[in-house]
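J.: Residue numbers (my numbering): 61 to 502.
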């Protein structure tokens with residue numbers, strides 16, 4: 061039998077609906093008295109007149125608290141509550157007992173796990189207080205169980221999430237590694253394509269002048285080795301290599317005959333054209349951000365250590381290091397090609413000529429690295445005479461480069477003078493209004 065309360069009280073912690081209380085007693089008047097007492101509390105009350113009837117009700121629906129009389133026919137209260145503990149351990153258990161049954165009640169408390177016993181006749185206030193405390197404990201235990209279950213579920217979810225997360229991180233890491241490998245391959249391919257493009261540009265000049273075949277490549281190779289010998293940082297060394305490949309790109313507009321013509325045999329107009337090629341080469345590359353450092357090197361690779369070069373007349377360490385390295389590498393190969401003077405030098409002659417230039421043409425540190433790199437050719441002592449144009453004779457051999465007063469190379473070392481050259485030297489002196497100092501072998 062169910063008897064709900066007549067109003068909505070505040071339920072104990074852990075209860076969202078009215079607690080269900082089962083009253084068990086074989087005396088109907090006791091059950092009626094307990095119902096009347098509990099009615100104001102708003103509990104949902106069930107009653108049973110025997111232990112068997114109580115078990116039937118317990119099987120039919122959940123019960124939060126059971127109050128059983130001790131002395132009943134068939135199954136006493138202690139036995140009922142012991143069975144309840146075994147089958148429905150979450151149900152709170154209270155025992156009603158007479159004073160003479162206290163010893164039995166104590167045994168029942170121990171055996172049946174009874175929360176508390178209530179002596180007959182009971183005090184209404186004490187009974188309600190005991191009942192409220194029992195329900196509060198029941199609610200707290202229920203809340204504890206709920207929180208433990210929730211915590212366990214959350215921990216399980218976290219374990220699954222961690223396992224899933226580890227898999228996701230592993231999969232993502234593998235994806236990123238694959239993506240990085242693909243990017244690296246793409247970058248490597250891009251670098252190769254870019255370098256191939258540079259080589260194609262480098263070959264454009266040499267395609268017009270077969271005598272220059274391989275010149276840019278050889279210059280780039282020597283320049284790179286010099287940079288490495290001088291411990292130039294890798295990024296700058298790469299720029300020097302590219303500058304070596306492209307250093308003659310400014311000659312793209314040259315007339316064909318001018319490409320291989322030694323500067324000593326050029327007219328004044330031709331020299332004017334030739335001296336513009338570093339500027340033209342730098343200008344052609346400046347629009348490409350990745351080649352701006354290369355363009356700076358190309359612009360200055362005809363500057364001289366003593367400040368007598370072109371186009372800007374820079375001297376010493378005002379000249380970019382890459383340009384100082386490229387200047388030596390370019391002259392070393394050009395001397396062997398015969399584009400510096402009409403006479404093509406041997407390897408040893410070119411070495412010696414470059415090493416001599418440490419006093420005025422090249423950075424001494426670059427010359428030192430060059431000497432270490434290629435070895436120093438044995439040098440024979442050179443006896444020489446210094447004279448002006450009026451004293452020159454056919455057949456004399458230059459012991460040093462001949463430069464104009466403004467630093468332009470007129471004739472290279474080892475040049476054999478003929479009538480035409482002597483006349484040109486004298487005309488040059490006349491146009492400048494002062495004699496040149498010509499060094500010839502004694």
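Just so it is clear, CB atoms sit at the ideal spot from N, CA and C, and this is done for glycine as well.
1. For the beta strand (DSSP E) that residue 176 lies in, which residues bound it at each end?
2. Is the region 384-404 in contact with the region 355-374, if contact means three or more CB pairs nearer than 8 Å?
3. Check residue 108 in the structure and name its three-state DSSP category.
4. Which residues in the same chain have their Cβ closer than 8 Å to the Cβ of residue 269, if we skip the five residues on either side of it in sequence?
5. Could you give the uninterrupted runs of the beta strand (DSSP E) lying entirely in the region 311-373, keeping only those of 3 residues or more?
6. Between which two residues does the alpha helix (DSSP H) holding residue 129 run?
7. Let me confirm a value: residue 77 is counted as buried when at least 16 other C-beta atoms fall within 10 Å, else exposed. Which label applies?
8. I need the DSSP call for residue 508, collapsed to helix, strand or coil.
9. Residue 157 to residue 212, Cα distance in whole Å?
10. Have a look at residue 117 and residue 107 and give me their C-alpha separation to the nearest angstrom.
11. When we look at the beta-carbon of residue 40 and count the other beta-carbons within 10 Å, is it buried (16 or more) or exposed?
12. Consult DSSP for residue 102 and reduce its assignment to one of helix, strand or coil.
13. Taking the beta carbon of residue 73 as the centre, do at least 16 other beta carbons fall within 10 Å, making it buried, or is it exposed?
14. To the nearest angstrom, report how far apart residue 221 and residue 214 are at their CA atoms.
15. Could you tell me how far apart the beta carbons of residue 415 and residue 462 are, in whole angstroms, since I believe they sit closer than 8 Å?
16. Indicate the three-state DSSP secondary structure (helix, strand or coil) for residue 157 in the structure shown.
17. With a threshold of 7 Å (Cβ to nearest heavy atom), would residue 346 be considered close to the ligand ZN?
18. Under DSSP, the beta strand (DSSP E) around residue 501 begins and ends at which residues?
19. At what residues does the alpha helix (DSSP H) containing residue 289 begin and finish?
20. Would you kindly work out how many angstroms separate the C-alpha atoms of residue 88 and residue 203, rounded to a whole number?
21. Using beta-carbon positions only, say whether residue 444 and residue 395 come within less than 8 Å of one another.
22. Less than 7 Å between C-beta atoms, sequence neighbours within five positions excluded: which residues of the same chain meet that for residue 355?
23. Along the chain, which unbroken stretches of the alpha helix (DSSP H) at least 4 residues long are found entirely within the region 129-154?
24. Considering only C-alpha positions, which residue in the set 305, 103 and 322 is nearest to residue 126?
25. May I have the straight-line CA-CA distance separating residue 205 from residue 198, to the nearest angstrom?
26. Who are the near neighbours of residue 489 in its chain, counting only those whose CB is closer than 6 Å to its CB and skipping five residues on each side?
27. Use the C-beta contact count for residue 228: other C-beta atoms within 10 angstroms, 16 or more gives buried, fewer gives exposed.
28. Which stretch, first to last residue, makes up the alpha helix (DSSP H) that contains residue 485?
29. Under three-state DSSP, which class holds residue 204?
30. For residue 283, tell me which candidate among 389, 331, 412 and 121 has the shortest Cα-Cα distance.
31. In the DSSP assignment, what residue or residues form a beta bridge with residue 186?
32. By DSSP's criteria, residue 444 is part of a beta bridge. Which residues make up the other side?
33. Less than 8 Å between the C-beta atoms of residue 139 and residue 111, yes or no?
34. List the residues that DSSP assigns as beta-bridge partners of residue 458.
35. Rounded to whole angstroms, what is the Cα-Cα separation between residue 471 and residue 425?
36. Would you mind stating whether residue 458 and residue 500 have Cβ atoms separated by less than 8 Å?
T.: This is what the structure holds:
1. 176-180
2. yes
3. strand
4. 316, 319 and 320
5. none
6. Segment 125-129 is the beta strand (DSSP E) holding residue 129; no alpha helix (DSSP H) there.
7. exposed
8. Residue 508 is absent from the model: the chain starts at 61 and stops at 502.
9. 41 Å
10. 9 Å
11. There is no way to answer for residue 40, as the model of the chain reaches only from 61 to 502.
12. coil
13. exposed
14. 10 Å
15. Residue 415 to residue 462, Cβ: 19 Å. No contact.
16. strand
17. For the structure depicted, the ligand ZN is absent and the ligand set is empty, with no information on it obtainable.
18. 498-501
19. 275-289
20. 35 Å
21. no
22. 342, 345 and 346
23. 137-147
24. 103
25. 10 Å
26. 449, 495 and 496
27. exposed
28. 479-492
29. helix
30. 389
31. Looking at the DSSP assignment, residue 186 forms no beta bridge with any residue, so it has no partner.
32. 501
33. yes
34. 500
35. 26 Å
36. yes
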